[in-house]
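Numbered by UniProt numbering, the letters in the sequence shown go through residues 1 to 846 in order.
Shown next, in structure tokens, is the structure this report addresses.
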Amino acid sequence: MARSKKATGAPADPLATYNAKRNFAKTPEPSGGPQSSESGDLFIVQKHDATRLHWDLRLEVDGVLKSWAVTKGPSHDPDIKRLAVRTEDHPMSYAEFEGTIPRGEYGGGTVMLWDRGSWAPIEGKSASNLDEGHLHFTLQGERMKGEWLLIRLKTRPGEKRENWLLRKLQDSHVEQGDALVERELTSVLTGRSIAEIAAGKGGEFPLAGKKDDVFLAQMNKAAAHNASKTKPRKRHKAVPLPKFRKPQLATLVDEVPAGNGWMHEIKFDGYRTMVAAKGEEVRVYTRSGKDWTDKFAALVEAIAALNLPACLIDGEIVAYDSKGNPDFSTLQAVLKRGHGSQSKADKLAFHAFDLVELDGEDLAPLSNIERKERLEALLATAEPPVHVAEHVIGWGEKLYDAMCRAGQEGIIAKKLDAKYRHARSKAWVKVKCTRRQEFVIVGWKKSAAKGRPFASLLLAQNEGGKLVYKGNVGTGFTTDEMDDLAAKMRRLGRKTPPVETDLASAKGVTWLTPKLVAEIAFAEFTADGNVRHGSYLGLRSDKPAKAVRPEKPASGSKSKSQVKISSPERVIFPDSGQKKGELADYYRTVAGIMLPFAGRRPVSLVRCPQGRAKKCFFQKHDSGSFGDAVHHVPIREKDGGTEDYLYVEDARGILQCVQMGTIEFHGWASRSDDVEAPDRVIFDLDPDEGLDFKDVKQAARDIRARLSDIGLVSFAMLSGGKGVHVVVPLSRGHGWEAHKDFARRFAEALSLAEPERFTATMSKAKRKGRIFIDWLRNQRGSTAVLPYSARARSGAPVAAPIGWNELKEMQDAKPFTIDDVAALIDRAASKELSGWGFAEQRLPNV
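And the structure:
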């Protein structure tokens, strides 16, 4: 690791300014002279709640801590540049300072040791670059990781302070937005929050918010492994470039395999490829063996630059959409341009996830985990656009939930000890967030719209040796895609249908020779086998039409047969007109983003069998009438007996509830596997009728700030009614009494501090002109409306998660309805909602 050179221009006493600014008889801050730490590469960050909250970044250079005050705190998002004001050098003894500087003294306020670790300038650079106005360095902290850049700004006339910019650089540690400082609210030294440090509490209580996150540790394992493999690569024996070999294929299943015998990876939305490489010689093959090297010239060039020994690498080529997500349609557009180069707009990448051959050795007999480790070592020096796909061991359900919330395709799970098989097997399984399959295009319907070459495509799949009609798709096309498809289809026209279907006599149908293969996303198969709510994603030129067959979950995987919705035309919301079938379609579509919050949680249902204007009622016990996917959990009642409470764990369960007239889903603050272990606190802000919604928004932001003071991350949700919920996710490990007590005391403290604004009492008389902080939802047996639940209210509104920055612009608590399902799905994958509702944090001892 590169060490810093002696920084130039250092004063005779680099700590003279530090010592002169402080009265050590009044401040607990340490004094001291220059001295080096044991390793000589220490870095710390101190969260400093002074006149303005900021984070002090300090890097060890020449026996002192070079310091910058970072406004708003560091971010792992490369798009965010933080102002970093250079301050005086600090002594090394400051590295473990945590406490309160008296008000009136320099820097008066509370100081928390927020992060610590080691730092190093990147290879070829040194700390002396600070004198030149820049520093490119890496951090290995408990929180801040990877590559960073400090750049000094030009000093303006009359400006006395030295302003710099701190920015994260692109690497495996990137995350969007301000999640880093919003998530990490406690000391790495004592586990205390700012409020606890200010109150002088010791560190003997449970470490609120201190991470022991196996999931994140496993996701970063590959990067740590690569860092230890940076030795120069040895010369390898002369062996020929590997030939194409059939890739291993995954079996579709409905559930994520449990246990630590599986490793889990992201399922990339791109083209499966086998890459053969040897030095500058590189070939790229599709999964069927087509040579597509010329289509990916820029990637080939990047792989060739690695000067790899003879190897055969299994992976996926992807393109990124405008939001930075892998997107198949974007990849299709890049390939259509056909220039083979990677322009700035064409962000192609290769994600390697397996190594089949290396230096003449067949690695297929090795286990999945052994091959992955060999791959990580081989590509240790690789940089974007070449990546090693990260994985987690165990914790697959958590990764799957994260991918579905982000709008991704799903995950791949692999048995750790299984060998590589050049066929489909159950040692690799795939779990999809949404249904998407390949279909053969067998015809098209004429469009009545002027300028539109066709209205929809007719689809089929091979079953039992013949093509079977599977319905049609009429959405998802861009204008260019429609023109391109029309040109291709003109050459394939035929008079007779290639499928057995009663559409043979339908007017406006042009049949095609079955050669084109399209990938289609859809909600489900209908009872007669046709796709429902299909959307075109693109053509698949890497797979022949004869190989297109239905993907069905493997035997033993839970059935996902269709839930029949009776009376779909019944109007449920009379004032706005939405019907029962439309409500079912809404829940079917949002199930993937709703289940991480609603799944495996005891629920109470608001049922309105005749619509919301007629009789509605709560139901929390199972009468046995819902269906096989609506489960029950026995829960002890106050009288000592037990009752079966409802819970669901998949989309089928949600839809069976909707079939029985359910509109709203309300959940306990605990899960069905341990109902005595609550995992979230909810403060429902219920305003008096005379108050404006802006008062509610301000109250929510103020509550967020107070929760942050005691070390808790919180999230906002628009209730779909008139209020806002402030949601605090928690790790399990405490009981209902402690849970309820914390919520009550927090609400009462706010009402005592600002009695003109808040009340913690349900009484309507005491609520006049105030906001009721409803903490009562945090009792055993109480429920709160779940994220994405529809509401039995005028207009069919929904309870919608919202980012704190977005909340400022909201005009009321019900801007979204069931008609806005597409927008809700897009929002779930947005930067504002990244990580919404999830945080590993304990109930603090306050």
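We put the beta carbon where it would ideally sit given N, CA and C, even for glycine.
Leaving aside the five residues before and after aspartate 679 along the sequence, list all residues of the same chain whose C-beta is less than 8 angstroms from its C-beta, in chain order. Residue mapping note: residue 679 aligns to position 679 of the sequence shown, counting from 1. Once the five neighbours on either side are set aside, the close Cβ partners of aspartate 679 are Ala669, Ser670, Arg671, Pro729, Leu730, Ser731, Arg732.
Length of the line joining the Cα atoms of asparagine 325 and serine 172: Here residue 325 corresponds to residue number 325 of the sequence shown, with the count starting at 1. Here residue 172 corresponds to residue number 172 of the sequence shown, with the count starting at 1. Distance between the alpha carbons of asparagine 325 and serine 172 is about 15 angstroms.
From the DSSP output, in three-state form, read off glutamate 840 for me. The residue labelled residue 840 in the question sits at position 840 within the sequence shown. Coil, per DSSP.
Out of Glu748, Glu519, Ala584, state which residue places its alpha-carbon closest to the alpha-carbon of isoleucine 441. If you number the sequence shown from 1, residue 441 lands on position 441. Selected option, being the one with the closest Cα: Glu519.
Can you give me the Cβ contacts of leucine 824 inside the same chain, cut-off strictly under 8 angstroms, excluding the 5 residues immediately before and after it? In the sequence shown, residue 824 corresponds to position 824, counting from 1. Shown here for leucine 824: same chain residues with a beta carbon closer than 8 angstroms to its own, the five before and five after excluded, namely Val590, Ile593, Tyr788, Val798, Ala800, Phe816 in chain order.
According to DSSP, is histidine 391 helix, strand or coil? Position 391 of the sequence shown, counting from 1, holds the residue named residue 391. Three-state DSSP puts histidine 391 in a strand.
Residue span of the alpha helix (DSSP H) that contains valine 821, given as start and end: In the sequence shown, residue 821 corresponds to position 821, counting from 1. Start and end: 821 to 828.
The alpha helix (DSSP H) that contains alanine 591, what's its start and end? Within the sequence shown, residue 591 is the residue found at index 591, counting from 1. Segment 580 to 598, the alpha helix (DSSP H) holding alanine 591.
Specify the secondary structure class of alanine 20 as computed by DSSP and reduced to three states. Along the sequence shown, read from residue 1 onward, the residue named residue 20 stands at position 20. In the structure shown, alanine 20 sits in a helix (DSSP, three-state: H, G or I).
Given a cut-off of 8 angstroms, decide if proline 687 and valine 681 are closer than it, judged by their beta-carbon atoms. Within the sequence shown, the letter at position 681 stands for residue 681. Within the sequence shown, the letter at position 687 stands for residue 687. Cβ distance not < 8 angstroms, so valine 681 and proline 687 don't count as in contact.
Cβ of serine 456 within 8 angstroms of Cβ of lysine 445? Mapped onto the sequence shown, residue 456 falls at position 456. Mapped onto the sequence shown, residue 445 falls at position 445. Their beta carbons are under 8 angstroms apart, which means serine 456 touches lysine 445 by this criterion.
Within 10 Å of its beta-carbon, does leucine 752 have 16 or more other beta-carbons around it, so buried, or fewer, so exposed? One-based indexing of the sequence shown puts residue 752 at position 752. With fewer than 16 Cβ atoms within 10 Å of its Cβ, leucine 752 is classed as exposed.
How many Å lie between residue 857 and aspartate 269 at the Cα? No statement about residue 857 is possible, as the shown extent of the chain runs from 1 to 846 and does not include it.
Put aspartate 692 into one of helix, strand or coil per three-state DSSP. On the sequence shown, residue 692 is found 692 positions in, with the first residue counted as 1. Of the three classes helix, strand and coil, the one that applies to aspartate 692 here is coil, per DSSP.
Three-pair Cβ contact test at 8 angstroms for the region 745 to 763 versus the region 831 to 840: no
CB of phenylalanine 43 within 8 angstroms of CB of leucine 53, strictly: Working through the sequence shown from its first residue, we reach residue 43 at position 43. Working through the sequence shown from its first residue, we reach residue 53 at position 53. No, Cβ-Cβ distance for phenylalanine 43 and leucine 53 is not below 8 angstroms.
CA nearest to the CA of glycine 837, picked from Ala760, Val713, Ala738: As a position in the sequence shown, residue 837 is number 837, starting the count at 1. For the residues Ala760, Val713, Ala738, the minimum Cα distance to glycine 837 belongs to Val713.
Leaving out five residues before and five after lysine 26 in sequence, what residues of the same chain have Cβ atoms less than 8 angstroms from its Cβ? As a first step, residue 26 is located in the sequence shown; it is residue number 26 there, counting from the start. So the qualifying residues of the chain are Pro102, Glu105.
Environment of asparagine 778 [buried if 16+ CB atoms lie within 10 Å]: Residue mapping note: residue 778 aligns to position 778 of the sequence shown, counting from 1. Classification of asparagine 778: buried, given that the 10 Å Cβ count is 16 or more.
Between which two residues does the alpha helix (DSSP H) containing cysteine 657 stretch? Walking along the sequence shown from the start, residue 657 turns up at place 657. First-last of the alpha helix (DSSP H) with cysteine 657: 651 to 659.
Are valine 284 and alanine 304 closer than 8 angstroms when you measure CB to CB? Stepping through the sequence shown from its first residue, residue 284 is reached at position 284. Stepping through the sequence shown from its first residue, residue 304 is reached at position 304. Not in contact: valine 284 and alanine 304 (Cβ atoms no closer than 8 angstroms).
Phenylalanine 137 by DSSP, collapsed to three states: which one? As a working mapping, residue 137 is identified with position 137 in the sequence shown. It is a strand residue.
Whole-angstrom distance between glycine 476 and serine 341, CA atom to CA atom: Residue numbering aside, residue 341 sits at position 341 when the sequence shown is read from its first letter. Residue numbering aside, residue 476 sits at position 476 when the sequence shown is read from its first letter. With a pLDDT of 46 at serine 341, under the threshold of 50, the modelled position of this residue cannot be trusted, and the question is left open.
To test your reading of the DSSP string, which unbroken alpha helix (DSSP H) runs of 4 or more residues are found completely within the region 739 to 817? Fully contained in the region 739 to 817 are the following alpha helix (DSSP H) runs of length 4 or more, in chain order: 804 to 807.
Pick from Leu189, Glu132, Pro497, Ile194: whose alpha carbon is nearest that of lysine 466? What you label residue 466 is simply residue 466 of the sequence shown in a count that begins at 1. The shortest Cα separation from lysine 466 among Leu189, Glu132, Pro497, Ile194 belongs to Pro497.
Got a sec? Which residues, its chain only, sit under 8 angstroms from proline 574 by beta carbon, not counting five neighbours each side? As a working mapping, residue 574 is identified with position 574 in the sequence shown. The answer, listed in chain order, is Gly611, Arg612, Ala613.
Just how far apart, CA to CA, sit glutamine 698 and alanine 487? On the sequence shown, residue 698 is found 698 positions in, with the first residue counted as 1. On the sequence shown, residue 487 is found 487 positions in, with the first residue counted as 1. Taking the CA atoms as reference points, glutamine 698 sits about 57 angstroms from alanine 487.
Taking C-alpha atoms, which residue in Leu595, Ala790, Val239, Phe617 lies nearest to tyrosine 647? The count along the sequence shown starts at 1 and reaches residue 647 at position 647. Of the candidates Leu595, Ala790, Val239, Phe617, the one whose C-alpha sits nearest the C-alpha of tyrosine 647 is Leu595.
Which partner residues of valine 630 appear in the DSSP bridge assignment? Counted from its first residue, the sequence shown places residue 630 at position 630. In the DSSP assignment, the residues bridged to valine 630 are Val648.
Tell me, to the nearest whole angstrom, how far the beta carbon of alanine 796 is from that of serine 576; I am working on the premise that it is less than 8 angstroms. Sequence index remark: in the sequence shown, residue 796 carries index 796 (1-based). Sequence index remark: in the sequence shown, residue 576 carries index 576 (1-based). With 8 angstroms as the limit, alanine 796 and serine 576 qualify as a contact, their Cβ atoms being about 6 angstroms apart.
Excluding the five sequence neighbours on either side, which residues of its own chain have a C-beta within less than 7 angstroms of the C-beta of alanine 418, listed in chain order? Reading the sequence shown from its first residue, position 418 is the one you call residue 418. Residues Ser367, Asn368, Ala427 of the same chain have their beta carbon placed closer than 7 angstroms to that of alanine 418, with the five preceding and five following residues left out of the count.
Would you list, in sequence order, the uninterrupted beta strand (DSSP E) runs of no fewer than 3 residues that lie entirely inside the region 272 to 308? Within the region 272 to 308, the runs of beta strand (DSSP E) at least 3 residues long that lie entirely inside it are, in chain order, 281 to 286.
Using CA coordinates, which residue listed in Phe617, Ala784, Pro240 is at the minimum distance from aspartate 684? Position 684 of the sequence shown, counting from 1, holds the residue named residue 684. The shortest Cα separation from aspartate 684 among Phe617, Ala784, Pro240 belongs to Ala784.
According to DSSP, is glutamine 619 helix, strand or coil? Along the sequence shown, read from residue 1 onward, the residue named residue 619 stands at position 619. Glutamine 619 falls in the strand class under three-state DSSP.
Consult DSSP for glutamate 637 and reduce its assignment to one of helix, strand or coil. To locate residue 637, count along the sequence shown from 1; it is residue 637. Taken through DSSP and simplified to helix, strand or coil, glutamate 637 comes out as coil.
Starting from leucine 153, trace the alpha helix (DSSP H) in both directions and tell me its first and last residue. Indexing the sequence shown from 1 puts residue 153 at position 153. Per DSSP, leucine 153 belongs to no alpha helix (DSSP H) and is neither H nor E.
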